[in-house]
Structure formats: C-alpha cells, structure tokens
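Enquirer: Numbering follows this note's numbering, in which position 87 of the sequence shown is assigned residue number 1049; successive positions increment by one, without gaps. In this text, a Cβ means the ideal position worked out from N, Cα and C, and glycines have one as well. Values in this document were obtained by computation on a predicted structure and should not be read as measured data. Before I ask anything, here is the structure I am working with.
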Amino acid sequence: MATGNAYGKYLDFADAEPGDRFWRVEHAPYSGTVTALREYTVAEVQAKTVRCTAEAGKPLKLKRALPQENCYLDADPYFQNISRSFQISTQVQKVKQWVKECETMDFDQEVIDAILAWRERVAARASR
C-alpha cells in the first residue's frame, strides 16, 4: 500500500493487497475531535473497490482509485502523533472522571503530592 500524503490525510489504495493493515481516524461530526482509532485489514481487493474489516466497528468498502481521507499506515509520523495525543487525552478524561467520583477522604498525601508536582512542571514549562 502506498504511503500517500500524510499531511493531506490521504492514503492511496491503488496497490492494496489482502492482509495490508492501516488505521482510520474517526472524528466527532462537524468537529476535529478524534473519537476513535480503528485498525483495519484489507480483506478483499476487487477491480474498483477494497473491502476492509476491523475487530471492532463495521467493515469498510473503499474505492480503490480515490485516496482515502483519515487513513494512515502505522509507521506514519503524523499518525503516531495523532495516536499519542488520543491515548493521552483518553487517559486524562478517565482520570478526571475518577477524581470527580472520589470523596475527599479517598485522596492520600502521595496522590496530592503527585498532582502538585505535576502542576509545578506545567507552570514551569508555561513560563519558559
């Protein structure tokens, strides 16, 4: 599979073969917010279309002649940046929810010290 233009967010499927793997970045409607990263495998290649499957999510049927938007190879540095940002964002949202659900007495000094140390690092980076 050709690498395509990473910064244009397009992946070329003209040379796709069964077994090729790629990632698709899914966004919230009318937003740039990433909602999911799904890994797909090319299952079948026909003259004009490529059928792809994923462990979770519905199968894709893509036109072979058109570059596909929001599809990336695993080694693409642009995708790696998106993936890293998505993982961090997901973890932060989970931690925020846990903190919100806890009672004040659930926090021990170790947790408080870690949060204060993190806050100092963020402030130091911001002042540079």
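In whole angstroms, what separates the C-alpha of Thr995 from that of Asn1032?
Expert: As a working note, residue 995 is residue 33 in the sequence shown. As a working note, residue 1032 is residue 70 in the sequence shown. Spanning the two alpha carbons is a distance of roughly 13 Å.
Enquirer: Output the distance between the C-alpha atoms of Ala959 and Lys1025, rounded to the nearest integer angstrom.
Expert: With the chain covering only 963 through 1090, there is no way to say anything about residue 959.
Enquirer: Tell me, which residues are paired with Glu988 by DSSP?
Expert: As a first step, residue 988 must be located in the sequence shown, where it is residue number 26. Note: Glu988 sits in a beta bridge opposite Ala998.
Enquirer: Pull up the distance between the alpha-carbon of Pro1029 and that of Arg1046, whole angstroms please.
Expert: Reading the sequence shown from its first residue, position 67 is the one you call residue 1029. Reading the sequence shown from its first residue, position 84 is the one you call residue 1046. Roughly 24 Å separates the two Cα atoms.
Enquirer: Locate the alpha helix (DSSP H) running through Lys1058, then write down its first and last residues.
Expert: As a first step, residue 1058 must be located in the sequence shown, where it is residue number 96. Unbroken alpha helix (DSSP H) run through Lys1058: Pro1039 to Glu1063.
Enquirer: Out of Leu1035, Pro1039 and Gly981, which has the shortest C-alpha to C-alpha gap to Arg1013?
Expert: Taking the sequence shown and counting its residues from 1, one reaches residue 1013 at position 51. Ranking the options by Cα distance to Arg1013, first place goes to Gly981.
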